[in-house]
Each structure stands twice: as C-alpha cells, then as structure tokens.
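Protein chains: 2
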Amino acid sequence: MNSAGEPVEAALSRAAGQLSEYQSKRLLAEYGIPVVDEILAEKREDVLQAAVDLGWPVVLKYCSSQLTHKTEQGLIALNLNNPEELKEAFERLSSLAAETGLEGAFLVQRFIRGDRELVAGLIRDPLFGPCIMFGLGGIMTEALGDVTFRVAPFSRAQAEQLLQELRSAKILGEFRGQPAVDREILIETLMGLGRIGLDHPEIKELDINPLVIREGRPVAVDALVILDREVPKEADRGVRTEGLGALFEPRSVAVIGATAKEGKAGNDVIKNILANGYRGDLHLVNPKGGRIMGRRVAASIEDLPDGIDQAIIILPAQANPDAIRACAAKGIKAVVLAAGGFAEVDENGSSLQEELARAVTETGIRALGPNTSGHTSTPHNFTSSFFPLGRLPKGPISYIAQTGNFATHTMRSIMSTEYYGVARVIGLGNKIDFDETDALAYLAQDRETKAIFCYLESLARPRLFLETAAEVTKKKPVVMLKGGSSEDGARAAVAHTAALASDRRIMDAALRQVGIVQIHEYSHLILAAKALVRMPPPRGNRVAFLAPSGAMLVALTDLCRLKLGLTVPRVEERTRARLQEISPSYIRMRNPVDIWPAAAVSGVEFAYREGMKAVLEDPNIDAVVPVLMMTDETGVPDLTFILDLADTHPDKPIYITFSGEKKHMDAARDFLEPHGVPTYPLIEQPFEVLSILARCRGAMER
Amino acid sequence: MNSAGEPVEAALSRAAGQLSEYQSKRLLAEYGIPVVDEILAEKREDVLQAAVDLGWPVVLKYCSSQLTHKTEQGLIALNLNNPEELKEAFERLSSLAAETGLEGAFLVQRFIRGDRELVAGLIRDPLFGPCIMFGLGGIMTEALGDVTFRVAPFSRAQAEQLLQELRSAKILGEFRGQPAVDREILIETLMGLGRIGLDHPEIKELDINPLVIREGRPVAVDALVILDREVPKEADRGVRTEGLGALFEPRSVAVIGATAKEGKAGNDVIKNILANGYRGDLHLVNPKGGRIMGRRVAASIEDLPDGIDQAIIILPAQANPDAIRACAAKGIKAVVLAAGGFAEVDENGSSLQEELARAVTETGIRALGPNTSGHTSTPHNFTSSFFPLGRLPKGPISYIAQTGNFATHTMRSIMSTEYYGVARVIGLGNKIDFDETDALAYLAQDRETKAIFCYLESLARPRLFLETAAEVTKKKPVVMLKGGSSEDGARAAVAHTAALASDRRIMDAALRQVGIVQIHEYSHLILAAKALVRMPPPRGNRVAFLAPSGAMLVALTDLCRLKLGLTVPRVEERTRARLQEISPSYIRMRNPVDIWPAAAVSGVEFAYREGMKAVLEDPNIDAVVPVLMMTDETGVPDLTFILDLADTHPDKPIYITFSGEKKHMDAARDFLEPHGVPTYPLIEQPFEVLSILARCRGAMER
C-alpha cells in the first residue's frame, strides 16, 4: 500500500502536506465521527471485490495525499451500479491519474444519496488556536457562507447552541419528507473535531465536505486534513494576581516626574490624587527637589523610603527602563507607565518597549502601560490619571479600556451628562505586563464592581482571556466593544473552513461562547452602564411598554422583534383586565400598552402608575419601559411613583424614556437618575439597552 | 392530446386550478423566457421518438394540470441514457400515474446537468398586485430564503439592481470554473415574468424552480402556473389635485363646533389658528351663537357666507355626515374631520365611516380624516390642529403622519428640543378621501417642502402610491417609517414564490424600488430631518471624520462599514499631506482623522478647522463629521469656523457630534443648529443619518 493508505499516525508525523482522503477519514473515525463505508484498493480485482463487499451502487475515487481537487480533475466517478460501469470508471481514472503523476490508490465507497449536505471543519486560528466550523455544505458552501464557529474546547451545551445559530437552521429539522437530523451524532461530530484540534497541533485545517445527511444520519463522505508544524503557540503565562493590591489599593504612592508646572501631566496627576481624597502616603520625585504644593520632593527614586506600593512614572520614554529598575530596587510593587512613544509609534519605539518589557520581567514588578492614561480606583479614593479630571463619582461600573478616553473626554462626558459613578477604570495602554485578562480576573473578584465594560482592540493572551471570561461572565455582566472588527485579515485558504473563517467571525463566536456580550456602538458603553447601577439585568427578553401613541407602540414593537431580539408578549388575563379597568372601554387594552386614553381620562400619573404596576406584576414580563408623556397641556406628574415601583419590584428593570417638552424631560432625568432609574432621551434607547443586558443575564445564567 | 397539452390560452381561460408543466413552459416561452427542450407525448413509441429527437440523455416526467408534487410522488425519472432505461421508466411512471388517477401525458426533456440552481417566480400580492421573485433555487430554496422581489412593472435598471440584492449574489459571477451567468438573459427572464403578471390577471402564482444555469445560460427546467380569477383589484381613483389649495392655503376657514370653553378642542383650534398668524377670514359656528374671543359666532353652517374654502369640523362623530352635506351646500371646498369613533373603534364606527364616505363622494368635497389630529401649513400661517401647540416654527420639512403625534407630543418634542421648522404636517386619520398618495403628490410640487418624512401603517391605494412615489423621490428625499412590518400576514402557500413572499419582504422591495428610503427608528424622523434644513443629502456614501480618539475612529469605522453601508475612503495624497502638515510627525495621518495630536500641539480650533477643510476639499469625500472635543482643559473653540466651512462647501454636508462636557456641547448645539448645522449628542447618530440620506440622494439621482 502506498502513502494514500499509510497509517494515520505515520502520515500525521510528516512535517507538512496533507493526509489522503482515506487517511483523513480514518482519523475522523478514531474520534467517533461517522464516515462513509469505504475500502482502499490498488488493483482492479481488489476494486471490484471492494464494490461487492460494500454493495452497489458505489463511488470510485482516486485517493492520494497530494490531491486536493479531485472533482475538478475528474478523478471521481459517482453512482456506479454494476461491474461494467465500475470497470469503465477504473480505466478512465487510472489513465487520468497516470497523467497527473500522483502517487495513490483507489477508494471504493458506498454511494450515499443524501437529502441534505452540511459542512464541518477545523481551523487553527492565529489568535484562538483550534476552532471548529459547522454549516451548510455542498457546492454552494462558500457562496452561502452560512457557517458558524466555536473555539475548542467547548461544552455540549455550546455545541447544541451552535446548531441553532445557522441562518438556515431549519434544514436540521424535518425536511422535505425526511426525518430531522440526529442532533446527538452532530454534536458528537463537532466535539470530536474539537478533540482532534486539541490533540493534534500539527493539523492546520480539516474539512468534512460534504457531511451528508441520509435519513437523518450524518455521514462524512469526503474529508481533507492539512498539516503544518509551524503553528505559533501562545505563551502560557497565567493570570498573576500578585501586585494588583498595590495597583488598585496602594497604601503609598510615589509620583516620579512630579512637577510644580501647571498644566503638565506631572502636576495634574498630583491634583487628581488629592482631589479624589487619597488617604495613603503620597511621595513626589523630581531631580530639582524642593517642594510642590507644599509637599517635600525627593530628588531621586533612591531617596524614597523603602516599600512604597506604587509608582506613577511620568518621564520621557527612554528614562522608563532605568526608572523601573530603580523602583524595583526600592521594593516598589507596581508601576504605572504614562509615557507614550513606544510600539504605538515606530520601530525605535518597539525596541524601547522590548527593553521596558525586559526590565519588568527581570524585576518581577507589576506594570500598567506604557502609553496608559492611568487608572482609577474610586473605592480607594485613588487615581493615576494625569488628565485634569477632578473628583470622580463613585459607583459600581468598571471600565477596561484600550484607549485613553475613559481617563479624558469620555470620562468628562460621563461626569457632566450622567448620574452614575465608576469603581475601577483601567487604561491598558501597550500592555507589556498587566493586560485585559489580568484586569478581568481582578474585576471578577472585586466586590465594588457590579458590571464590566470593555473597549478592546487586541487580546494579549487570547485563549487565557477566553478561559477567564468564561468564569467571570457567570458572575457579572461583561459587555465589550471590540474595535477593528471591520478589517478582516485575508487568509490563504486551501480548505473551505479557512476560506470561511474571518477574524471577525471567529472573534464573534469566541466572545459569544464565553458569555461576553458584544456591542457595536461606543455610546452603548455608557447607555447600558447606567442601567446597571441600581437594577439587575432583565431576567429575559420579554418586555412590556407603555406609550401615549399607537404609532410609537407599533414602531417600537417592530424594532423589538425585527432588530433587537426582544419579545413583546401577551400578558395574563388578570393583567389585561386591570389595564382595561383603568382605560376607556372603546380601546381594547393589551401589551404594548396604549396609555393615552387612560391618561386623558384619569390623568397621566394615575394611568402610568397603574399601568406600570399591572405589567410589573405580570409573570410574563421581564422589564418595563414607559414612554412618559411630558407636556404642560397633558399634565406633568410627580414621578415619585416610579421610585416606589422600582423599590417594590427590584427584580424587574424599569427604564424611562419620553415624548414631549425638553424642560420636563430634563427635570425628570435629574430627578430619577440620581436614584438609579435610568432615563433615555430617544425612545429606542431603552430597548437597545434591554437587548444588550438580556444577553448578559442569559450568559450569567447559562 | 388531453388537458396536459391543451393550448395555453384555453388553459388560462379556466376559472381556477393550474396549468400543466408543459403549458406553463409554453407560456414562459411566449414571453421570451428560455425553457428546456421538451416534447409532450402520450404513447410509448412517441416518447421514444421524442428522446431520439431531443438527444440522450433525457428526463421523463408525468405531466398533468392536476399534479403539483411530481418528485414526491415519484413521477419523474432523471438521466435516462438509452431506450432501455427510458422504456423501464415509462412503464414505472405509467403504472404510478394510473394509481393516482391523474389525467395527463408524458413529458420528455433533454437532461440538463446544471452547475447552479436559481428560482424565479410571480405572485399576485394583495397590496401591490403582480410581483416577481428571484433567488437561490433547488431543494433548499425555502430553507435559505435568499430571494428578492419587485413590483411589476419595473425597469431594466431595477432588474439589474435586483440581481445584486441576493446575499449570495456572487454565485451569479464565475463559479467553480463555470462562466458568469448571462445577465442579459436573466434580466429578460425577470422582465418577461413581470409582463406575464401584468397581462394575465388570472395568474395567481408562477414558479420557475429550478431555473438551471448551464455554462452560464439560464434555462427554466420546471415551471408551475396557478390560476385564480378571484383576485381583488385596487380601485383606480387617481390623484385628485382639486381642493388641495383650499386645504393647505385656505383664504377663509370656518370652525364648526367652535367653543369658548378653555381646554376643549373647539377652543384650542381657534387659539392655534390665531397663534400662527393666519391672515384669511376666520368664521366660527356654534348653535349658541354669541361671541368667542370677541368674534361673532354663526349659529349654523347655513348662516355662514358662501364660498368659504375650508371647514374644520369638531363635532361628535354622528353629526359629521350632515355637517359635510351642509358645508358642501354652502360651497365649502374642503373639510377637516377631527372626530374619532369611526372604523378605528368598532363595527358601528365602521358603518358610520361608510356613511361619511358616501357624503364625501356625493358632494365631491375634499376631506381630511376623520380621526385626524389636523394639519399644519406654516407657509400660509395656518393650522387645523386642536392640541394646544402655539406658533409652529417654519421650515422646509414636511410630515405625512398616520398618527396624531406630529400634532401633539412629538411636535412638542421637536419644538422644544430642535431648531428646525416644518412646512406642511398632515395627520391623515382614517383616510376616507385625502390619503398619503394625495399628500405625496401635493408635497412633490410644493415649493416650501424640501424633504418629506412619513409615518404610515397602511397604504390606501398601494399601486398608485408607488407610481406617485417613483416620481416624487427623483425630486425630493422621501423617508418612511412603515409601522406594523413585524406582523407578517401568513399566506397559504402552494408555490415557492408564495411561501417566500411575506408582507414585509414585498413592502421593503416595493419601497426600495420607487426610491423611498425606509427607516426603522421613530427618532430618525427627527434626527434625519434636521440634517436637511440647510444642507443637501450627501452625494454618496463616502465619509471623512475627525475624532480626538483612536478608539472612536476604530469603532466608528467598524460601524460605517459593517452596519451603515458607508465607506471611509482613502483621501488624495494632497489631502493627506495637508493633514500631516498640521499634525506632529509621530502619527501618520489618514482618513479617518486622529485630530488629538494636532489639537494638542496647535489648539482645538486650528486642528479641527484645517482638518475639516482638507477633507472637505477632497473629491473622494461626500460628507464630513467632526467629533468635537469640548472640555475646559483642552480648550473650547469659537465655532464660527464651522459656519464658514458650511458656507464655502454647500455641496457637502457637515454634521457635528461631540465628546466632552455637557455644558459646552449644549452651547455648541445652541450656536450651530439655528444656522442649520445639525448636531448630535451621540457619536453614532450623524453616521446613521448619513446612511439614510445617502440612500435618498441615490434615489434622487437614479
């Protein structure tokens, strides 16, 4: 037997190239994936005997570990019904194979006439490593692009969920008189592919195309395994928790590069620390010595006392490596590196950053940055931010930001527009040490953090990040805006799986898999955050809403159903009866609630209060949104009743929006938001937020 | 020859049922649609001769005008290569056909092994009449649902555009070594289907499935025509322009049901008319006579002078029909019917509405309503609104609203939050006479109206509406929120075309086809409107933007590309050089523009002014959005430069958004918006608006 049939282990041990179709399926079979009945043969008589053994009709294929496109090369003959047809096909394929010069043998298969064609596969993603793919197969696989991914390993529940993600998932059900696909076998197939990916780092790509469905049973009819030993492996450094106390709850802090000059970072950082009421020891370092804001200044790091927790280093880029070493020598546990001019700029900067990273590794110090805008820890009354922010409002929201915005203008926007506060805000900068995975792990156990919002453009340790996130998202909402997702890396594609795997698709699948809720609008980092200050995420996606307008009811119902994945369910008869009771009889009440007639008859406050109460008490409802009518003519109610309703229904979020006059809407916001009842100027916004947070709750309860 | 082969005209003349496959394809062929070579035969010898005439291999099908699912019934044999196979198939189908008892004959076809399968069809939509369908065919047609629609008739350009709308449009190009599909033949096929739909009202559905592609040429391999004479036909009443002057520019107006009682509609309407500075004659009618606000009151309609233009009737529902007759008798040309309690309420109301409609038809008077919230015509200083609104701001935006909101709380919201004004605002009410088509026709020729925004839940005369819209949208932007689109009517489906045709899909296609830009958020009726007050819609979808944050640049670029259909193109080298000139050298400038470094070095005003100027002058850019940084620390610029840039670049819209402190953002809005430069609090909003208005411009220039 030639290389087409050499043992799988031997074939896998080769450095590159691919397995033959036969070998590929042997490997699949080893992992419990059902493959078509087939026999490898070289001689005509063996081929004929194989057909007899398998039963007619058969398929004859040429099989070689050098062959990728046998259909295009004519090296396949389908539906052979008798020895004559098989012999003819054998002669034709023999002479074609001879022309190609490929080394191989013949593969005789039972001919399976399936009723559906699927595709499944494995790809080694540069970020996440082994990922499996599943979707619609056949000749249109790539044209349709209806596939979905998972990073291995994954749970059975994840495999089950994956099957529901296809646009055309209904073909897995009963289809044109054929039974539903055996989901158990499909799941076993997908999990087998995942195990192959984990067990065999030498496999770069694996395609099962088609995975044919016959009478409900999936069978791998063709398969291709591509090898590559040169797969980069992620560094396995784990989450380090030491030094994080020094970073977020420092008992003592030194500002290296402190200055008396107004408007300089080395001055503003001191003001920020003082403005936030920091209670630990504050040391200042400047070669000139003297005093700044009345405080004595040390001339060098060496002059500092031993055992300071944290140093904020505000020095030119080149001075940073030495400063780190000096800090470490004095027993400083963590540094914040404010300087830019490293890898984000040019190659010189990259070299400098490598030197910096060496200093950090050698000393074992914890480092945030470089190129960070600093971090904030309001429970500890501390910030290392050097943009003049003043006192930051305290609250339960934490941000992990691969941008300086949350220490500059975006934070200013939050502080001046919103009524919520923050717990920890982390500007990651260039991430030579402390990265988003460390941040996530820290915030997971942080009692002051109720919800985590991230803006990230890259992942320093992608697999570790996913592992960490998978745990965190069970405890707290994690919402992420992933920047840069429109720039898909072009991939050299041999197999379907690779052709269909884009950076964005795999990232989307990976985040979903670990319960991170992805958003696509920067503003939602703020709009969704304020909904979590006092209230939990909604238990599900079932919303009731009240509006003073049929048009708004209709338009918002459309939006919920068509775009946001929310349902507007029927309420219980008891609820409906109560709604009817408060309303004139000419309108038949239901959810969504047309509150205008009730408001016209009984006043705005009565109508909204009783209407909201009714739907809040309904077990089919997870969240309630009133569109408050606010005009002089229709009456502007005292909104205390909303605070009361929020108190008595702490399990169901209430988000407020408006229609009417700006002055009343502004006043309502200023009254409600300090009490943790979020308000939104546009009527769509509360629903967008519900859509995000219902997904968070789903992740927490998975 | 039995009914399977009776002449097409004879078959079509039957009242119901369907055509046989053979007849269906004869009809297609008459309309220039390529069909497979085939011969109808009854006897075995004729079948064999047919195969010889057509050439091997062939397909044998049983053909009957009573047969719909021949594959499921086994009445088809593919790929018959010789007389033996054909004879065997003939015997098998003969006995199967005998079992079914169907009357029919045998259809012998050339066997076409295609490389792609498409589907095309025709459906008679209850709203729009004949609509064609096109998409991905084969056994997965319905599972994939990748189809698109057009209302017949449609232009060649529309047919061409339709081909680009499929998700998997790339299969029409070169595919797996096969040439691209002949688009000319495809277009002829689609237009032929459209003509069939227009010529044959008795055809209810028509399926071509599959439309097989072989070597780039489409061929109808199977077809099914379903007949139904009972298709409802739209009343053909055309657009009536008489009386519209009396409605929108009345020289004299009577309020029937005027009252001195504060807070009543019959009082508020008078106040509104006076508040808006109406200059025509104002008459009041109330049985009590006397005076209201110092004006003499007539005791009855009969007591009014002759020849008044318009009457606003604010009377109980039951009194309306008589009032209309009385108005008509006095020569009043148009009435506004404020009362509710008609078809929107119950069956009694429906009867009353029918009586009302009779009064309108008999008298020939023009009527707005009933159940209308009135209308507004600011160029004429007039309103019939009876919700206390005061003086409405004048401007170029007109609204057609199937809701009272634009005469009540939504208008209040606009008046108190926004700086733009309106021209005509029409609350359609129950549309017994004046409807959205009349409104569109009126606004099309209205010099005061620059852009039309609609909220509609139904179309009174759907085909006429489309015809009218097709012309209007070439002149002015028409933006529509179509309410109720998530409640798809369930359709009894025999054919694929019907199974795939949902109300929403056809509505979406119809609106797109005539250049109406559909939106899905109520708030966009306001956010998009204010962008058109001073500026034109953007010439295309190419946007440049400037932001003080890499994260915002990345997140907004993703949003533009992935969700909004906008491009963020490369700028010319000259533009790039200018951007580089104003910026520190460490950052390489491009579009989108990172303006923070330039602002840090040269100040916010200089950086934004010069940056915006550079991209505004670039021929690759259609619109410019700066995210203005507004904090005390970074400096708050004098924004006069933005007005100057808007003056010097009147062809390119500039929309403003912000990051920073609320007080500065509010001040900027209050400064810029009165000059027609729109501002948006959230950074995503200007891009959402650009996406909408670029589509409007595309429609205008189609």
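So the sequences go chain by chain: A and B.
Anchor point for the first sequence: position 12 equals 682 in the working numbering, and the numbering is continuous, going up by one each time.
Anchor point for the second sequence: position 197 equals 867 in the working numbering, and the numbering is continuous, going up by one each time.
Just so you know, even glycine gets a beta-carbon here, dropped at the ideal spot from N, CA and C.
Secondary structure of residue i, DSSP reduced to three states
i	result
B:N749	strand
A:G805	strand
B:K1064	strand
A:L1309	coil
B:E812	helix
B:R786	strand
B:L1234	helix
A:I1186	coil
A:M1259	coil
A:M1370	helix
Cβ-Cβ distance between residue i and residue j below 7 Å
i	j	result
A:V1006	A:L1038	yes
B:Q1188	B:M1150	yes
B:S838	A:A839	no
B:E1127	B:G1097	no
A:E1280	A:I1324	no
A:I648	A:A993	It is not possible to answer for residue 648 of chain A, since the shown part of chain A is limited to 671 through 1372.
B:A721	B:V729	no
A:A1009	A:N990	yes
A:L1236	A:N1211	yes
A:R1407	A:I782	Outside the shown range of chain A, which is 671 to 1372, sits residue 1407 of chain A, and nothing can be said about it.
CB contact below 7 Å: residue i versus chain B
i	result
A:G1154	yes
A:D1228	yes
A:E835	no
A:E1191	yes
A:R1161	Model confidence at A:R1161 stands at a pLDDT of 48, short of 50, so the residue's coordinates are unreliable; what they give is reported in the following sentence. So, not an interface residue.
A:H1079	yes
Contact test: residue i Cβ vs the ligand HEM heavy atom, cutoff 6 Å
i	result
B:P1147	The model on display carries no ligand, and the ligand HEM is accordingly not part of it.
Residue i versus residue j: straight-line alpha-carbon distance, rounded
i	j	result
B:F824	A:A1168	41 Å
B:N937	B:I926	11 Å
A:A822	A:K934	49 Å
B:R1204	B:I1353	21 Å
A:L1134	A:R794	16 Å
A:P796	A:A681	24 Å
B:A711	A:A890	42 Å
A:R965	A:D1302	57 Å
A:Q834	B:L1229	26 Å
B:F819	A:L881	32 Å
B:E972	B:L1026	19 Å
Cβ separation of residue i and residue j, assumed to be a contact under 8 Å, to the nearest whole Å
i	j	result
A:K1120	A:L1202	6 Å
A:T1033	A:A998	3 Å
B:L1197	B:V1359	6 Å
B:I1122	B:K1146	6 Å
A:L745	A:K731	7 Å
B:C733	B:L788	Not a contact, Cβ separation roughly 22 Å.
A:T1375	A:N946	Nothing can be reported for residue 1375 of chain A, as the shown portion of chain A is limited to 671 through 1372.
A:L842	A:A850	7 Å
Neighbour flag for residue i against chain A, beta carbons, 7 Å
i	result
B:A1221	yes
B:A850	no
B:T1073	yes
B:M1299	yes
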